[in-house]
Amino acid sequence: MEHLVSVIIPVYNVENYLQKCLDSCFSQTYANIEVVAINDGSTDTSGEVLDEYAANESRLKVFHQQNKGVVYARELGVTNSKGEYICFVDSDDFIEKDMISNLLQIALDDDCDIVSCDFCIYDDKTKSKAIQKNSYLGVRKEDALASLLLRRCTWSLCGKLFKKKLFDSIKMPYGLKIGEDGLVCFQAYNNSHKVSSVNQPYYNYVQRTSSVTHTKDRGLSSAIIDFILQIMNMKKMYHWGSSIDMPMNTFVASQIFVYYVNGGILNSLTERVVIPFGVSQMIRYDLRIIEKIGLLIFLKINCVSGFLRKLYLYATSH
1 MEHLVSVIIP VYNVENYLQK CLDSCFSQTY ANIEVVAIND GSTDTSGEVL DEYAANESRL
61 KVFHQQNKGV VYARELGVTN SKGEYICFVD SDDFIEKDMI SNLLQIALDD DCDIVSCDFC
121 IYDDKTKSKA IQKNSYLGVR KEDALASLLL RRCTWSLCGK LFKKKLFDSI KMPYGLKIGE
181 DGLVCFQAYN NSHKVSSVNQ PYYNYVQRTS SVTHTKDRGL SSAIIDFILQ IMNMKKMYHW
241 GSSIDMPMNT FVASQIFVYY VNGGILNSLT ERVVIPFGVS QMIRYDLRII EKIGLLIFLK
301 INCVSGFLRK LYLYATSH
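Shown next, in the form of C-alpha cells:
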C-alpha cells in the first residue's frame, strides 16, 4: 500500500498528553503517513513540544495560529494535508499501532469511503476504561446516515479513516457551541458511497474532567436547538429518503431530552423546530404532556428505563 494518509491533530494546552499522542502516530505499522499538527494558540508548552518533535521527525508538519477553536484548526489541517486519506486524532488521545494499516486495508479491499473502528474510553480521573462500539446498519450511505442518527456510530471525527475528497464540499460549522464534529460527520457521510467498520478498539479516547465537551453548561439549550435545525436542514437540502424518517424522529426525540436536561424552554423549541419542520405528531403530543407535568414525571409515567431516569437525575444535579 503506497497511499499517503494524513493524520490531523488540533492542539491546545495538552503539554502532559501530547508526547504520547505523537508517539502513537509515528509508531504506526503503516509508515506512509504525514502528521499535520495545528497549535491553536496554546498558552502552555504544547507549541514547543511540537517544534522539538518536528526537528527530529520529517513527517510532522507544524502550524501555529492564534486561538480560533478546533473547527478552524481542523480546517487548516485538511487544507495543508497531502494524503489521499485523512484521519483525525485529538491531541490528548492516542491510537493503536495498527489502526491506520487495518482501516486503510479495509478501505482499499472493499472500496469504502469511510472506515471506522471502536473506541477505548479512558477516564483520566478514575483510570477506568470502557469500549464504545461503532457499527452500521449497512454499507450504503443511507444506512450510515441512519446509524449516525441512531447513535450506533459516534459523531466524532476521530476513530475513522476518510477519503480526503469527501471534504471538498463540506461547509465547516463555525461558531457552533456544540456539535461541530457531528455536523462535519453528517456531511462526510452524505458525500460517501460506501462505508465499513471494524470491531476493534484502535482509538484510545482520554476523557478528561477539564475538557470542554465534558464541562456542563446550563446555557446549552439554544445551541442544542441550533444543532437539531442544522441536521434537519441537511435532510431537506440533500433529499434524504423516507428510510431516514424514523431515525430522524429518534434523533430529534433524543436531542429534546438533552435540551430539557439543560433547562430548555418548550416555546422556543416549538417555534424553531416543531412547527417549521413538521415534527411527528407523537413527539408533539409528548412535548405538550411534558410541558404540563415535567420531564421526570413524564419518564416515570411512561415506564422509561431506570437508567434514563438516573441519567436525568444525574445530569440535573451536576
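UniProt numbering puts the first residue of the sequence shown at 1, with every later residue one more than the last. All residues carry an ideal CB built from backbone N, CA and C; glycine is no exception.
Item	Value
Of all the options Asp93, Ala144 and Lys160, which has the alpha carbon lying nearest to the alpha carbon of Ser243?	Ala144
Once the 5 residues before and after Asn32 are set aside, which same chain residues still bring their CB inside 8 angstroms of it?	Met1, Glu2, His3, Leu4 and Val5
Given a cut-off of 7 angstroms on the beta-carbon distance, is the pair Gly159 and Tyr203 in contact?	yes
Would you list the one or two residues that DSSP bridges to Cys120?	Ile131 and Asn204
State the DSSP-derived secondary structure class of Pro247, mapped to helix, strand or coil.	helix
Leaving aside the five residues before and after Leu137 along the sequence, list all residues of the same chain whose C-beta is less than 6 angstroms from its C-beta, in chain order.	Asp143, Ala146 and Ser147
Where DSSP assigns a beta bridge to Arg140, which residues make up the other side?	Lys194
Does the stretch 160-170 come close enough to the stretch 185-194 that 3 or more CB-CB pairs lie under 8 angstroms?	yes
Using DSSP with H/G/I as helix, E/B as strand and the rest coil, what is Glu180?	helix
Look up Ile38 in the DSSP assignment and say whether it is helix, strand or coil.	strand
So, does the stretch 225-245 touch the stretch 110-129, judging by three or more C-beta pairs under 8 angstroms?	no
According to DSSP, simplified to helix, strand and coil, what is Ile9?	strand
Quick check on Glu75: buried or exposed, where buried means 16 or more other Cβ atoms within 10 Å of its Cβ?	buried
Go ahead and pull the three-state DSSP assignment for Cys87.	strand
Work out the CA separation of Lys68 and Met248 for me, nearest whole Å.	32 angstroms
Candidates Lys97, Phe167, Leu18 and Ser197: which alpha carbon is nearest Ala54's?	Leu18
Using only CA atoms, which one of Gln105, Gln132, Asp51 and Asp44 lies nearest to Trp155?	Gln132
My output table needs one value for Lys171: the three-state DSSP class, helix, strand or coil.	coil
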